[in-house]
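Sequential numbering of the sequence shown, starting at 1, is according to my numbering.
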Amino acid sequence: MQARRLLLDPAIHEEFTRLKNLVEEKDKKVKELQDNINAVSFTSQSKMGKMIMAKCRTLQEENEEIGNQANEGKIHELGMKLALQKSQNAELRSQFEGLFKQMDKLAGDVDRSNELAVIMQEKLEEKENEIHRLKHDMEKNSPVEEEQTVLAAAAATDIVDGGDDIVDEVTPIKVKTEIESQLD
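Shown next, in the form of structure tokens:
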């Protein structure tokens, strides 16, 4: 009863309420400080430590799974790039082989052309030698044949010019037959 009378007194009531609120604040602060102490003095054997360790293991497993998936994606991508490079390499190799065969064929054609050019050069030299020999033989011929050659040349010129001059028709034929017999 006396306590009731004291609570009825407004000044005491005010002091009592203030002290009660102060105790509640101090209790909250004590709990907060105890939580801080528990956090600082973390051990893997404590209840909180076991929960944190379990959470860390779960997160680590999730990270490994995500890493494996990322690596599998990269490996798959690299595999695709490798396959593409291999197909391009095979295509370039076949094109190179085709070009190499073409170059061999062209080299063979060039060799044959060179051989043909050498043969033609030899034939040309033989013909030039034969022409030179025939000219030499013609120079050795008698003056009569030279006269016939001049008459033949004049007849040929006359035929080309229109034929106003009178030329012996037999002489050009003789010269022609003599030259043909020397060419054979």
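For glycine and all other residues, C-beta sits at the position ideal for the given N, C-alpha and C.
Note on geometry: alpha-carbon atoms of Leu22 and Ile37 lie some 22 Å from one another.
Taken through DSSP and simplified to helix, strand or coil, Gln45 comes out as coil. Straight through space, the alpha carbons of Lys81 and Glu115 are spaced by roughly 50 Å.
In this structure, the CA atom of Glu126 is about 52 Å from the CA atom of Glu91. Here Asn141 carries a coil assignment [DSSP, helix/strand/coil]. Cα atoms of Glu72 and Cys56: separation of roughly 24 Å, rounded to the nearest angstrom. In this structure, the alpha-carbon of His136 lies about 22 Å from that of Gln121. DSSP places Asp104 in the helix class (H, G or I) of the three-state scheme. The DSSP-derived three-state label of Asp9 is coil.
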